[in-house]
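2 protein chains.
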Amino acid sequence: MSADWIDEIAWNAEGLAPAVAQDASSGEVLMLAWMNRESLARTLDTGEAVYWSRSRNALWKKGETSGHVQRVREIRIDCDADAIVLKVESVGGVACHTGRRRCFFRKLEGQGGKARWVETDPVVEPGTKHG
Amino acid sequence: MSADWIDEIAWNAEGLAPAVAQDASSGEVLMLAWMNRESLARTLDTGEAVYWSRSRNALWKKGETSGHVQRVREIRIDCDADAIVLKVESVGGVACHTGRRRCFFRKLEGQGGKARWVETDPVVEPGTKHG
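Line by line, the protein sequences give chains A and B.
Residue numbering for the first sequence follows numbering that gives the first Met the number 0, starting at 0 and increasing by one per position.
Residue numbering for the second sequence follows numbering that gives the first Met the number 0, starting at 0 and increasing by one per position.
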């Protein structure tokens with residue numbers, strides 16, 4: 000976990016950085032999760048996305064239970080080195096635990112006090128579970 | 000700041016949520032910044048991205064000094080309602096304070112201990128400053 004390239008990341012006080020998973024083909028932003036040093040090292044080693052689950056306080060190999068692994072095509076960091084982008088192939092075409100293509104399936108419509116979040120994406124695989 | 004749609008967001012302990020700005024035309028992920036309630040409300044009202052600067056502890060109207068405003072085409076939230084995606088038109092084609100198109104201009108190359116971050120994007124506007 001002490002490789003130079005990992006140390007160049009400005010991990011936050013909890014040792015985490017936000018990681019955006021983007022579909023390598025469509026460019027669609029699929030999800031935002033968190034990584035720590037070990038999850039990023041494993042992601043590079045295995046070529047499949049491994050995140051850090053803040054709710055379970057544990058490494059979270061994406062797709063471990065659902066089969067919806069993310070094959071990583073590219074890993075990027077930003078100017079401040081405190082955010083990560085993964086370009087991934089989203090196996091099965093489902094990144095969200097709700098069974099949708101992406102977690103960002105709600106869009107803001109309207110203005111001011113009348114704005115509301117509207118679901119735009121269908122569930123493509125009912126009964127999908129986290130992981 | 001008490002609109003229902005704002006209250007539906009799971010703001011973190013500091014009252015913030017990560018916001019990913021994505022180029023509406025190219026699909027490129029430009030930057031990751033942070034928003035609070037007021038910055039998101041102003042973003043919707045004005046149609047241009049307003050973030051929260053954690054370093055300056057202040058609202059940060061993107062492009063206020065540089066002119067590189069982000070015209071917001073779409074606002075999305077994820078399944079957990081704790082992350083935001085903005086699809087934007089990046090005015091001037093520069094989103095990064097380094098004068099690059101995007102903040103994610105470094106890509107990981109190589110494997111294991113020999114991996115390193117490599118700059119892939121040219122500076123298109125030298126002397127650009129934050130804002």
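No residue lacks a Cβ here, since even glycine has one placed at the ideal position from N, Cα and C.
Only a predicted model underlies this, so the values are computations on that prediction, with no experimental measurement involved.
Inclusion of Ala-80 (chain A) and Gly-112 (chain B) in the CB contact set at 8 Å is not warranted, their separation being larger than that value. Taking a 10 Å sphere around the C-beta of Asn-35 (chain A), we find 16 or more other C-beta atoms and assign the residue as buried. An exposed status is given to Ala-12 (chain A), since fewer than 16 other beta-carbon atoms sit within 10 Å of its beta-carbon. Using a 10 angstroms sphere on the CB of Ser-65 (chain A), the tally of other CB atoms reaches 16 or more, which defines it as buried.
Residues are counted here when their Cβ sits less than 8 Å from a Cβ of chain B; for the region 29 to 55 of chain A these are Met-30, Leu-31, Leu-43 and Asp-44, given in chain order. Taking C-beta atoms as the reference points, Arg-100 (chain B) and Ala-23 (chain B) fail to come closer than 8 Å.
According to DSSP, residue pairing for Val-84 (chain A) in a beta bridge involves A:Val-19 and A:Arg-75.
At least 8 Å separates the CB of Ala-12 (chain A) from every CB of chain B. Straight-line measurement puts the Cα of Gly-126 (chain A) at about 43 Å from the Cα of His-67 (chain B).
The beta carbon of Leu-107 (chain B) falls within 8 Å of a beta carbon belonging to chain A, placing the residue at that interface.
No residue range can be given for Arg-101 (chain B), since it is assigned to no beta strand (DSSP E) and is classified by DSSP as neither H nor E. Secondary structure of Lys-106 (chain A) (DSSP, three-state): strand. Chain-ordered, the chain B residues with CB closer than 7 Å to the CB of Trp-4 (chain A) read Leu-107, Ala-114, Arg-115 and Trp-116. Not flagged as an interface residue toward chain A: Arg-72 (chain B), since no C-beta distance is shorter than 8 Å. Taking 8 Å as the CB threshold, Val-19 (chain B) lines the interface with chain A. Between Gly-98 (chain B) and Val-117 (chain B), the C-beta spacing is not below 8 Å. For Ser-89 (chain B), the secondary structure class from DSSP, reduced to helix, strand or coil, is strand. According to DSSP, residue pairing for Ser-52 (chain A) in a beta bridge involves A:Ala-57. For Arg-100 (chain B), the nearest beta carbon of chain A is not closer than 8 Å to its own beta carbon.
Taking all protein chains in view, the Cβ of Asp-6 (chain A) is surrounded by fewer than 16 other Cβ atoms within 10 Å, so the residue is classified as exposed.
Secondary structure note for Ala-114 (chain B): it is in no beta strand (DSSP E), with a DSSP letter that is neither H nor E.
The residues Val-117 and Thr-119, in chain order, have a CB closer than 6 Å to that of Lys-106 (chain A) in the same chain once the five nearest residues on each side in sequence are set aside.
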